[in-house]
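Visitor: Numbering (the UniProt record's numbering), first residue to last: 1 to 394. Using N, Cα and C, we set each Cβ at its ideal position, and we do this for glycine too. Only a predicted model underlies this, so the values are computations on that prediction, with no experimental measurement involved. Let me begin by handing over the structure; questions about it come next.
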């Protein structure tokens with residue numbers, strides 16, 4: 001076991017003789033542990049060790065498996081909060097945070113923010129050392145689990161909002177281009193962007209539904225008050241559960257007492273008071289709802305664009321039908337003219353054609369006049385305009 005202090009990185013591994021087997025184990029995953037004292041450790045352990053440490057069931061840990069595509073969820077358990085928010089997969093207790101796969105590109109900013117928010121300030125350390133108004137300062141501070149939860153919610157809301165802005169930046173010009181020129185390339189581009197929008201909307205909707213479900217149920221919110229539960233639990237049993245991880249650790253007792261002091265005022269007032277958590281969740285619910293509103297507005301713009309394009313296509317279709325009708329009528333009339341002139345042009349002797357050579361020309365011109373009158377009442381300019389609009393599209 002390699003350990004260090006002062007916010008440095010630690011690696012907790014199994015017996016050296018079993019290190020190779022642990023690395024090959026399919027259940028072994030990388031975690032980072034950050035506690036209330038500012039210490040952090042890199043852990044490479046399997047799911048059974050995590051389950052034993054935070055006292056959760058396998059089904060709760062399964063939703064944090066990155067190989068399984070579980071929807072976003074916020075679960076309150078007896079001694080932990082299980083978070084599955086997109087790329088943020090964490091377990092929060094009253095004393096520490098376990099974050100899965102901390103070396104991923106999307107997770108690194110979350111780790112940095114947790115370090116910044118959870119690390120005690122210099123003033124807190126001085127007050128703790130001097131024992132001057134320490135208990136009152138802790139009572140005014142939010143519980144550890146709420147600060148960690150706030151970091152996760154802020155990260156996921158910012159991530160989804162950024163993805164929405166990127167989608168809007170690409171979508172609106174693509175729709176305007178499609179409106180000005182309907183082509184296969186533009187249609188394919190909009191189709192791909194629409195698929196991305198539908199996927200993003202479903203992800204945002206799921207996060208919003210989770211927050212709304214928590215806000216609608218006070219009991220669910222009360223389950224997230226881990227410090228309150230810790231203050232009412234036996235410190236001896238809590239320390240015994242953590243003894244396998246922090247052998248002779250000088251900080252475990254102080255962490256328990258700090259968490260107890262932070263929640264003792266709340267317990268005295270009302271154990272069912274969830275106002276602090278409700279305000280926290282409402283803030284991020286409004287943020288995620290605003291992101292969903294942007295996506296809804298974008299969908300409405302897409303629907304309006306589709307309606308406009310359908311109107312354009314219907315107009316072009318009507319013009320083509322009109323042109324087809326004109327050409328079909330002209331074909332019938334010209335066929336009649338060709339039939340009559342063909343009959344009179346045959347080299348067959350007629351008695352009534354003797355000394356009447358002008359009859360062929362007269363019949364031909366009269367037939368041509370009748371054909372022109374039978375043509376559809378459409379000016380040549382209209383036909384020319386229709387052809388000029390449709391031929392470039394073909």
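(1) Tell me which residues share the same chain as residue 299 and place their Cβ nearer than 8 Å to its Cβ, disregarding the 5 neighbours each side in the sequence.
(2) Distance, Cα to Cα, residue 176 vs residue 191?
(3) Cα separation between residue 337 and residue 365?
(4) Would you mind reading off the limits of the beta strand (DSSP E) that contains residue 105?
(5) For residue 70, which residues in the same chain have their Cβ closer than 7 Å to its Cβ, ignoring the five residues on either side in sequence?
(6) Quick one: residues in its chain with C-beta nearer than 6 Å to the C-beta of residue 157, no 5 flanking neighbours on either side, listed in chain order?
(7) Once you ignore the five residues that flank residue 211 on each side, which residues in its own chain have a CB closer than 7 Å to its CB?
(8) Cα-Cα, which of 181, 279, 183, 227 is closest to residue 218?
(9) What number of angstroms, rounded off, separates the C-alpha of residue 81 from the C-alpha of residue 224?
(10) Excluding five sequence neighbours on each side, which residues of the same chain lie with their C-beta closer than 6 Å to the C-beta of residue 153?
(11) Report the rounded CA-to-CA distance for residue 313 versus residue 328, giving the unit in angstroms.
(12) Skipping 5 residues on each side, what residues in its chain have a beta carbon closer than 8 Å to that of residue 104?
(13) Which residue from 44, 208, 75 puts its Cα closest to that of residue 59?
(14) Say the cut is 7 Å; is the CB of residue 197 nearer than that to a heavy atom of the ligand ZN?
(15) Quick check: the Cα distance between residue 199 and residue 330, rounded to an integer number of angstroms?
(16) Using the C-alpha atoms, what's the distance from residue 90 back to residue 215?
(17) Tell me, to the nearest whole angstrom, how far the beta carbon of residue 33 is from that of residue 114; I am working on the premise that it is less than 8 Å.
(18) Residue 166: buried (16+ other C-beta within 10 angstroms of its C-beta) or exposed?
Guide: Concretely, from the data shown:
(1) Taking C-beta separations shorter than 8 Å and ignoring five residues to either side along the sequence, the partners of residue 299 in its chain run 197, 201, following chain order.
(2) Cα to Cα, the separation comes out at about 14 Å.
(3) 10 Å
(4) It is not in any beta strand (DSSP E) - residue 105 carries neither H nor E in the DSSP assignment.
(5) 63, 84
(6) 284, 287, 288
(7) 281, 284, 285, 288
(8) 279
(9) When only Cα atoms are considered, residue 81 and residue 224 end up about 7 Å apart.
(10) 284
(11) 22 Å
(12) Cβ neighbours of residue 104 beyond the five flanking positions: 87.
(13) Scanning 44, 208, 75 for the CA closest to the CA of residue 59 turns up 75.
(14) This structure does not include the ligand ZN; it has no bound ligands of any sort.
(15) 53 Å
(16) 21 Å
(17) About 11 Å separates the two Cβ atoms, so there is no contact after all.
(18) exposed
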